[in-house]
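These protein sequences, in sequence, are chains V and U. Be aware that the first sequence starts at 1, since it is given in the working numbering, and climbs by one per residue. Be aware that the second sequence starts at 335, since it is given in the working numbering, and climbs by one per residue. Below you'll find the structure, written out as structure tokens, and then a few comments.
Protein chains: 2
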Amino acid sequence: MRITIADIAKKANVSKMTVSRVINGRGYVAPKTAEKIKKIIDELGYQPNLIARSLVSKSTKIIGVIIPKVEHLFLDNYIAQILSGITDEALKKDYRIILIPVEYSDKSEDKYIKIVKNRLLDGMILLKTIIDDPGIAPLSETQFPFVLVNHKRYSKKINFVDSKNIRGAELAVEHLYSKGYRKIACIAGSLHETNGKDRLRGYLKKLEDLGLEKRDEWIVFGEFRKSVAYHECEKLFKAKILPDAVFCADDYSAIALIEKIKERKLRVPEDIGVVGFDDIELAEYVKPSLTTIRQPLIELGISAAKILFDLIEETRKPPIHKLLNVELIQREST
Amino acid sequence: MRITIADIAKKANVSKMTVSRVINGRGYVAPKTAEKIKKIIDELGYQPNLIARSLVSKSTKIIGVIIPKVEHLFLDNYIAQILSGITDEALKKDYRIILIPVEYSDKSEDKYIKIVKNRLLDGMILLKTIIDDPGIAPLSETQFPFVLVNHKRYSKKINFVDSKNIRGAELAVEHLYSKGYRKIACIAGSLHETNGKDRLRGYLKKLEDLGLEKRDEWIVFGEFRKSVAYHECEKLFKAKILPDAVFCADDYSAIALIEKIKERKLRVPEDIGVVGFDDIELAEYVKPSLTTIRQPLIELGISAAKILFDLIEETRKPPIHKLLNVELIQREST
DNA sequence: CTGAAAGCGCTAACAT
DNA sequence: ATGTTAGCGCTTTCAG
């Protein structure tokens with residue numbers, strides 16, 4: 001049999017309420033009775049039933065991390081880093097994290113609202129949401145606390161933490177330029193995500209600023225996926241005018257590209273310079289090591305969690321929009 | 335105002351019970367009433383309150399993954415892979431995963447029991463538990479479903495999934511031997527974990543079988559931590575007789591060792607052969623790429639989750655002890 | 001096929 | 001300083 005507050009109360013000859021007061025340290029209880037009750041709690045090894053407590057308190061101290069329902073998600077170092085930041089912060093605030101995989105292709109407007117209504121969460125952090133996700137607007141109409149990560153969306157009711165993606169792409173192109181490259185191609189990321197779009201925009205903008213040539217055949221779409229990038233970057237080698245450098249919207253794509261370049265017996269950085277984006281763990285280890293735009297992924301997670309907790313505890317109100325700085329990490333690939 | 339089952343009932347002119355029956359698809363309800371109720375549910379956007387449901391059903395469809403309370407845990411590719419396996423399987427069975435960090439140094443006997451009593455979980459998977467963890471025995475005395483991962487403990491009340499660590503270590507030494515190495519050292523893992531102990535045992539056993547020399551100065555302790563291994567492996571270079579190969583109980587230690595070897599201007603594999611253990615993502619990318627004993631980490635997670643779900647659904651009973659095969663992956667470091 | 005009553009374990013609000 | 005009542009939203013049990 002499970003020990004409940006009632007068992008404690010009976011044994012201590014008090015009411016359940018007094019026990020509850022002792023457990024929560026709220027309200028007045030005579031030191032003596034408190035002492036007695038505490039002793040019995042220890043003896044019986046009582047632990048509060050969180051479910052019962054949540055049913056009345058309406059709070060669970062659990063936050064949900066919404067992730068796309070994809071196999072082997074944690075093998076993506078990008079996700080692992082962000083999640084690491086979130087858990088680190090949750091630890092400090094004594095919140096638990098529950099992982100909620102949602103179907104990427106689910107186009108329903110209530111996909112997130114359903115989760116909210118289940119009442120299991122105090123708040124949620126959404127990872128890798130797409131631009132036209134129909135679930136976000138309805139969610140923002142509720143009062144439920146949530147934060148988007150690496151997704152930029154200016155709205156009075158939406159909170160997000162993102163990196164300066166446009167700036168990052170500009171930095172990358174600038175760097176390639178300073179290294180003497182002039183024919184700069186791009187493996188773009190997913191245009192369904194704001195960061196994918198922003199990085200492409202930054203690339204194009206900087207080409208213009210520097211008066212560099214823009215060519216459609218120099219832009220391919222890797223969708224932030226290594227296998228896609230590996231396949232698509234093939235097109236760059238079939239261009240009428242061969243690029244001498246490539247800005248990749250993420251490191252996995254850059255790694256795929258380097259593999260392809262090697263297969264073609266070309267050299268990095270001599271024949272083709274490569275810059276990535278993110279600074280995942282591998283970036284430092286691939287050969288040649290990868291010059292990349294570092295975005296502070298762990299910080300992104302920490303920041304999102306902090307904002308979420310502020311929202312939950314109502315110490316801050318929406319909208320909270322935060323952009324973190326990026327920096328160029330020069331390695332061997334340029 | 336939140337929509338509850340009572341609202342639906344009132345609007346449909348039925349009792350709460352009938353609504354409940356429709357929602358759960360249990361018991362008889364006239365097709366017509368069912369239809370009507372379903373329609374109202376849709377209209378009002380009703381979603382069941384999981385908390386309330388759990389309070390009575392005693393089941394939450396949530397499993398806990400117990401992890402040591404360590405910063406940046408997910409950056410450890412070993413953890414990330416196992417977790418990936420667990421989530422993949424949980425997805426299929428429609429269970430949610432909650433992360434429960436526990437203090438590594440907590441020596442209390444009720445550290446896990448407390449969590450169980452909170453009634454938030456249907457079962458749990460424990461990662462990186464130590465041999466003398468005082469919390470495990472008491473937990474096993476309850477009927478609560480749980481599985482240890484990469485921890486071998488034969489007991490009628492304990493379930494685990496582990497790799498064949500002893501065999502793996504033997505494979506590694508055999509391989510080094512076949513490559514002509516004769517002075518084989520070892521960076522051992524944490525002896526607080528069964529897999530650390532087993533790998534050391536396999537190493538020693540195989541040295542004996544092959545009639546190779548054993549020297550205390552050829553064994554250092556890396557505790558499964560790169561920074562520790564990096565520091566400790568220094569001792570190997572101060573040995574009276576220098577080893578010509580090193581079996582490392584984990585890949586991070588092997589990577590640390592390779593860094594150290596390079597700093598000393600020695601060559602891998604010519605001067606020193608190196609074998610790792612785990613086959614983390616990096617193993618393939620470091621230079622030289624790492625020969626290692628691959629343990630199926632994702633499978634380990636999948637397997638643990640499968641067993642746990644069987645335990646929860648009572649289709650199997652403890653004890654369930656499972657050992658997965660390991661294999662040698664030859665790369666450039668030997 | 002449907003409903004009424006009771007209760008899961010806890011806390012808020014109001015007594016005393 | 002402590003107790004009583006009521007109720008969170010749901011399901012189980014038993015009765016019709």
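The beta-carbon is built from N, C-alpha and C at its ideal position, and this holds for glycine as well.
Interface residues of chain U facing residue i [CB-CB closer than 9 Å]
i: V:N325; result: Here the premise fails: no neighbours, minimum Cβ distance about 20 Å.
Contact with chain U by residue i, beta-carbon distance below 8 Å
i: V:N118; result: yes
i: V:L257; result: no
i: V:Q295; result: no
i: V:I97; result: yes
i: V:S105; result: no
i: V:L83; result: yes
i: V:D110; result: yes
i: V:I80; result: A small fix is needed here, since residue 80 of chain V is Ala in this sequence, not Ile. At least one chain U Cβ lies under 8 Å of V:A80.
Within chain V, the residues that residue i reaches when beta carbons sit closer than 7 Å
i: U:D344; result: In the sequence on display, residue 344 of chain U carries Lys and not Asp. Here the premise fails: no neighbours, minimum Cβ distance about 18 Å.
i: U:I646; result: What U:I646 touches in chain V: nothing, since even the nearest Cβ is about 17 Å away.
Minimum Cβ-Cβ distance from residue i to chain V less than 8 Å
i: U:Q477; result: no
i: U:F643; result: no
i: U:I339; result: no
i: U:K373; result: no
i: U:I385; result: yes
i: U:S474; result: no
i: U:D376; result: no
i: U:I357; result: no
i: U:A471; result: no
Listed by chain order, chain V residues near residue i by CB distance under 8 Å
i: U:P435; result: T87, L91
Which of helix, strand or coil DSSP assigns to residue i
i: V:H175; result: helix
i: V:K322; result: strand
i: U:T463; result: coil
i: U:F561; result: Looking at the sequence itself, residue 561 of chain U is Ser, so the reference to Phe does not match. Reduced to three states, the DSSP call for U:S561 is helix.
i: U:S497; result: strand
i: U:V353; result: helix
i: U:P472; result: helix
i: V:V147; result: strand
i: U:T626; result: strand
i: U:E647; result: coil
i: V:D278; result: strand
i: V:G196; result: helix
i: V:L191; result: coil
i: V:E109; result: coil
i: U:E504; result: helix
i: U:A638; result: helix
i: V:G222; result: coil
i: V:P48; result: coil
i: V:G123; result: strand
Proximal residues of chain U, C-beta to C-beta of residue i below 8 Å
i: V:I261; result: Within 8 Å Cβ-Cβ: nothing; V:I261 doesn't reach chain U, min ~16 Å.
i: V:K114; result: Q381
Neighbour list for residue i in chain V, Cβ cutoff strictly below 9 Å
i: U:S587; result: Chain V residues near U:S587: none, gap ~16 Å exceeds 9 Å.
i: U:I632; result: H72, L75
Listed by chain order, chain U residues near residue i by CB distance under 7 Å
i: V:S333; result: Result: empty, since nearest Cβ-Cβ is about 14 Å, beyond 7 Å.
- Can you list, in chain order, the residues of the stretch 388-408 of chain U whose Cβ is nearer than 8 Å to any Cβ on chain V? S388, L389, T394, I396, K403, E405, H406, L407, F408
- Any chance the stretch 37-45 of chain V sits against the stretch 73-90 of chain V, with 3 or more Cβ pairs inside 8 Å? no
- Going along the chain, which residues of the stretch 598-622 of chain U sit with their C-beta nearer than 8 Å to a C-beta in chain V? E615, L616, Y619, V620, K621
- Taking one C-beta from the stretch 136-146 of chain V and one from the stretch 270-285 of chain V each time, how about it: are there three or more such pairs within less than 8 Å? no
- Check whether the stretch 536-547 of chain U touches the stretch 625-644 of chain U, counting contact only when three or more Cβ pairs, one atom from each stretch, lie closer than 8 Å. no
- Would the stretch 507-518 of chain U and the stretch 526-533 of chain U be scored as touching if the rule is three or more Cβ pairs under 8 Å? no
- Message: If contact is defined by three or more beta carbon pairs under 8 Å, each pair taking one atom from either stretch, is the stretch 495-509 of chain U in contact with the stretch 560-574 of chain U?
- Response: no
- Within the chosen definition, does the stretch 281-296 of chain V reach the stretch 321-329 of chain V through at least 3 CB pairs nearer than 8 Å? yes
- Item | Segment contact, 8 Å Cβ cut-off, at least three pairs: the stretch 362-370 of chain U with the stretch 310-326 of chain V | no
- Could you say if the stretch 152-160 of chain V and the stretch 210-226 of chain V meet the contact criterion of at least three C-beta pairs nearer than 8 Å? no
- Message: Would the stretch 80-88 of chain V count as touching the stretch 348-356 of chain U if we require 3 or more Cβ pairs under 8 Å?
- Response: no
- Message: When you compare the stretch 394-401 of chain U with the stretch 429-438 of chain U, are there three or more beta-carbon pairs, one atom per stretch, that lie closer than 8 Å?
- Response: yes
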